[in-house]
Ligand code: SAH
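Numbering (the UniProt record's numbering), first residue to last: 1 to 478.
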């Protein structure tokens, strides 16, 4: 970050503007809106500035600029069409350690004016530090459309009632819940949209007096396989409202980045061999936080109901009468294959897809090998790399051809995603070298991978193959 974004209170504070033309007028209008005490140094003034002068809103020094004039100002703006003079103002301000902005001349600015979305008292300031003004304009248009007009009204009401709400709810969590509930109340939103401020405040007062007890709840949220862009909107909403987030080892850094800054993050990843104890501890934590009135998110990699033990955790909550909801996520079988370029079904190769776990019982009886060995289907194996040898030999024993294509997708949807391709007989060897987490895909659809890979380094390979093809064609034409 090269600039520190701050909001400055200029009420009744002197600001020196050098220049009296239309550029100066634009800046002065903005300064007057925030109550600054504007002093203009200029030989002549444009007529709008004359009007302001007559109304007593600005002061005018009809002299040449003198370096010592900067000493009386908090901020300085140079807005003349004389580069030499602007430069002189810049240097004088720098020497006196005053903040200075030469309009439209970023190298001569010790501060810059951001682009502002104004929903007073809410203001959103954006800037690219001069790098991409057009991009900033486009962003601003998007934000203008996105941010409802009534948020300013809501914020003003909130400002007036802050102390009363604080007195009623001494704890931060309670206050946050009260405000979240009010701001998302459709009736309150409607009243503020239509400027029925008195009615909106009456509703607030009514809610404040209602004395609804704060009950904790748990959202079981699927974080998806890694890429934060695959999180659902509901999942995002849940993790941004959470007081506590309990997350697994499979939840990616980029998804965790989206958790509200002041929420507690609790890692409840599993360590091999200590599964049972850990799961009980996690269950106990969920109950403990929810009973404290917290809004808890249980964040799991992929989808919470696909090999995620989500159901078991909900059973515990149900038994404790704790309210819960479930936000599905993109499971690894969908995310990792999509990003690897392996369609799970295909008219020509596979009419169904089966998701299985590689946590096979020692006698192998937990899986219906005969059915799994049939053709025209895709098998997706979660947690399968450790048992890859057994998996490959059982499938072959039940008739799956040794040359059936297989893929292992590691770190699916993450920047370090990698895919290894081979045949069923090579599976144990491939699995031994695969980084984890890894998903095994078995079936004819894997043949499509080299053509359809589009993400990460394998896509690059594909592009270069394509380029070679094109180049060969071009050579032939020549
Ligand atoms: N609930 C999760 C699965 C948990 S089981 C889901 O719906 O995806 C853990 C297994 O999921 C891992 O052993 C691996 O096989 C698979 N997995 C999870 N994330 C993955 C990823 N990003 N890439 C490849 N496999 C992944």
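Ideal placement from N, C-alpha and C gives every residue a C-beta, glycine not left out.
| Query | Result |
| --- | --- |
| Buried or exposed by the 16-neighbour rule on C-beta atoms within 10 Å, applied to residue 101 | buried |
| DSSP-derived helix/strand/coil call for residue 272 | Annotation note: pLDDT 49 at residue 272 (below 50); position unreliable, coordinate value reported separately. The answer is coil: DSSP assigns residue 272 none of H, G, I, E or B. |
| Delimiting residues of the beta strand (DSSP E) encompassing residue 246 | 244-247 |
| Exposure of residue 243, with buried meaning 16 or more beta-carbon neighbours within 10 Å | buried |
| Where residue 26 falls, given that 16 or more other Cβ within 10 Å makes a residue buried | exposed |
| Bounding residues of the beta strand (DSSP E) (the contiguous stretch that carries residue 320) | Careful: residue 320 lies outside any beta strand (DSSP E) and carries neither H nor E. |
| Beta-bridge partners of residue 422, as assigned by DSSP | 406 |
| Closer than 7 Å: residue 416 CB and nearest the ligand SAH heavy atom | no |
| Residue from 266, 96, 75 with nearest C-alpha to residue 68 | 96 |
| Three-pair Cβ contact test at 8 Å for the region 445-457 versus the region 328-342 | yes |
| Residue 361 beta carbon near the ligand SAH (any heavy atom closer than 7 Å) | no |
| Of the listed residues 416, 304, 286, nearest to residue 318 (C-alpha basis) | 286 |
| CB contact flag (residue 408, residue 323, <8 Å) | no |
| Within 8 Å, strictly: CB atoms of residue 413 and residue 226 | yes |
| Candidates 37, 85, 138, of which the one nearest residue 43 by Cα | 85 |
| Extent of the continuous alpha helix (DSSP H) to which residue 265 belongs | From DSSP, residue 265 is part of no alpha helix (DSSP H) but of the beta strand (DSSP E) over 264-267. |
| Runs of alpha helix (DSSP H) wholly within the region 16-95 (minimum 4 residues, chain order) | 22-33, 47-54, 83-95 |
| Where residue 222 falls: helix, strand or coil (DSSP) | strand |
| Alpha carbon of residue 60 to alpha carbon of residue 197, nearest angstrom | 41 Å |
| Residue 323 CB to nearest heavy atom of the ligand SAH below 7 Å | no |
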